[in-house]
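Numbering (mature numbering (1 follows the signal peptide of the UniProt record, and there is no 0)), first residue to last: -29 to -1, 1 to 251.
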Amino acid sequence: MVAHILRGPVVLFALAIALVSMLPSVAFAQTDYFNTDAGRPIRVEDAYALERQALELQIAPFRVERARAGGYRWGIEPEIAIGLLPRTHIEVGVPILQSGGNGLPRTTAVGGVELSAFYNFNAETRLPAFAIAGEVVIPAGSLGPSTKIPTIKGIATRTLPWARFHVNGQFTFASDPTTAPPSTRADAESNAEYSRWQVGMAVDRSLPLRSMLFTAEVVTSQPLVRAAALRWDVAAGTRIQFSPRVAFDMGGGYRLTGEDPGWFATTGAAVAIGLPWRGN
C-alpha cells in the first residue's frame, strides 16, 4: 500500500532531481536574501542551512488565502531558527490562524507548534546540493491538529550563472480521514488540511547589486484523503535585503485545481543575529 501511494510522487521527484542534476554547476556565495525558507516567500526552499551559530527571527510572517467560494483564511507564524552545527539548523514556529467566513463562524487560534531540523549534505560540485529536513507539528490550539503530524522532505539545489533551480519532495505520515478507525476519525478529520505528499520545483534569479531575489514555483500535492483531487499551485515572490541583518519578502499565487481553489499572498521579514557564544 505504501509503495503504491509513493509511486507517483517518487517518480515526479526523481525526474525533477534528474533534470536539475544535468545542469552544469557554478560556484555562488550564499547570502541572506538567497535563503528561500519554506513559505518565505514560496513553499519550495533551497538546500542550504542557516549559517552556524546564527539565529534568525521570522518577524510575524503573514499569509492570507481566499477560496473561490468566498471564504478567507489568514495566519501569522512567528518562527525562530538556530544554526547549532555546521550545515545544520533547527526551527520552532507557532502559527496563529483565523478561518471562517462565507456563512461560517470566524475562529482565531493557535494552529499547532512546528518543530523541524534541517541538514545539508554537500555543497554543489558536479552534483546539486542536497539536503534533508524533518518536521513534526504538535497539537496545540483549536485550529491545530489533534494528533502529531510528522513530515520528511528531500531538497536539491543547482546554481547556474543566470538562475538557481530547486526541487523539493516530501511525505507526511497521518491517517486518511475517510479510512481512519471510528475511534480516531475525529482526530483524522482535523488533520485533513495537510498533504499526503508534495512535490515542487522552483527557479530564482538574483540582482546582487540591488540585493534582490525573484522566484517562482509550481507545486503539486495529494491531500490526506487519497480519493481527493490533486492540488496544483503556482506562485511567485521576491526577497529583498534591507541591511546585513534584515530581509523582507512578499509573494502570491493561485491554486489551480483541488479543493478550495483560489488565491493566496504572503509577506514577512527576517532578522538575523548571532548567538551569545558566537566566535568562541
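Yeah, the Cβ is synthetic: ideal placement off N, Cα and C, and Gly gets one too.
Q) Three-state secondary structure (DSSP) at Tyr4? A) In the sequence shown, counting from the first residue as 1, residue 4 sits at position 33. Helix, per DSSP.
*asked:* Please tell me whether Ile244 has its Cβ less than 8 Å away from any Cβ of chain C.
replied: Reference to chain C is not applicable here, since this structure consists of a single protein chain.
- prompt: Leaving out five residues before and five after Ala199 in sequence, what residues of the same chain have Cβ atoms less than 8 Å from its Cβ?
  reply: Locating residue 199 in the sequence shown gives position 228, where the first residue counts as 1. The beta carbon of Ala199 sits closer than 8 Å to the beta carbons of Gln193, Gly229 and Glu230 from its chain, once the five residues preceding and following it are set aside; these are given in chain order.
Checklist entry - In this structure, does DSSP put Leu180 in helix, strand or coil? => result Along the sequence shown, one-based indexing puts residue 180 at 209. Here Leu180 sits in helix by DSSP.
With a threshold of 16 other CB atoms inside 10 Å of the CB of Ala40, please say whether the residue is buried or exposed. Taking the sequence shown and counting its residues from 1, one reaches residue 40 at position 69. Here Ala40 is exposed: its Cβ has fewer than 16 other Cβ atoms, across all protein chains shown, within 10 Å.
message = Just verifying my parser: in three-state terms, what is the DSSP assignment at Val(-4)?
response = The residue labelled residue -4 in the question sits at position 26 within the sequence shown. Low confidence applies here, because Val(-4) scores a pLDDT of 41, under 50, leaving its location unreliable; read the following figure in that light. Note: Val(-4) maps to coil in three-state DSSP.
Length-filtered (3 minimum) beta strand (DSSP E) runs lying within the region 184 to 227: Taken in chain order, the complete beta strand (DSSP E) segments of 3 or more residues contained in the region 184 to 227 are 202 to 214.
Ser214, buried or exposed, once every other Cβ within 10 Å from all chains shown has been counted against 16:
As a first step, residue 214 is located in the sequence shown; it is residue number 243 there, counting from the start. Residue burial annotation: Ser214 is exposed, with fewer than 16 other C-beta atoms found within 10 angstroms of its C-beta.
Per DSSP, what kind of secondary structure is Gly229 in: helix, strand or coil? Translated into the one-based positions of the sequence shown, residue 229 becomes position 258. It is coil, neither helix nor strand.
Touching by the beta-carbon criterion (3+ pairs, under 8 Å), the region 41 to 55 and the region 129 to 144: With fewer than three CB-CB distances shorter than 8 Å, the region 41 to 55 does not count as touching the region 129 to 144.
Practice prompt. Consult DSSP for Thr141 and reduce its assignment to one of helix, strand or coil.
Written response: Mapped onto the sequence shown, residue 141 falls at position 170. Reading off the sequence, residue 141 comes out as Gln, not Thr. Three-state result, Gln141: strand.
| message | Is the beta carbon of Thr143 closer than 8 Å to that of Tyr165? | response | Residue numbering aside, residue 165 sits at position 194 when the sequence shown is read from its first letter. Residue numbering aside, residue 143 sits at position 172 when the sequence shown is read from its first letter. Going by C-beta atoms, Tyr165 is nearer than 8 Å to Thr143.
If you drop the 5 nearest sequence neighbours on each side, which residues of the same chain put their C-beta closer than 6 Å to that of Thr122?
Translated into positions along the sequence shown, residue 122 becomes position 151. Excluding residues within five positions, the ones whose Cβ falls inside 6 Å are Glu106, Gln141 and Thr143.
Is it right to say Pro179 is buried, meaning 16 or more other beta carbons lie within 10 angstroms of its own, or is it exposed? The residue labelled residue 179 in the question sits at position 208 within the sequence shown. Taking every protein chain shown into account, the CB of Pro179 has fewer than 16 other CB atoms within 10 angstroms, so this residue is exposed.
Closer than 7 Å by C-beta to Gly171: which residues in its own chain qualify, once you throw out the five before and the five after it? Chain order, please.
By 1-based counting over the sequence shown, the position of residue 171 is 200. For Gly171, same chain residues with a beta-carbon under 7 Å away, outside a window of 5 residues either side, are Arg14, Val15, Asn139, Glu188, Val189 and Val190 in chain order.
Less than 8 Å between the CB atoms is what I'm expecting for Tyr90 and Ala25, so what's the real figure, rounded?
-> Position 119 of the sequence shown holds residue 90. Position 54 of the sequence shown holds residue 25. Taking the Cβ atoms as the reference, Tyr90 lies roughly 16 Å from Ala25, outside the contact range of under 8 Å.
Exercise for review: May I have the straight-line CA-CA distance separating Glu85 from Arg167, to the nearest angstrom?
Suggested key: In the sequence shown, the residue the question calls residue 85 occupies position 114. In the sequence shown, the residue the question calls residue 167 occupies position 196. Roughly 17 Å between the two C-alpha positions.
- Item | Top-ranked residue by Cα proximity to Pro66, from His60, Gly233, Arg44 and Pro76 | Here residue 66 refers to the residue found at position 95 when the sequence shown is read from its first residue. Here the closest residue by C-alpha is Arg44.
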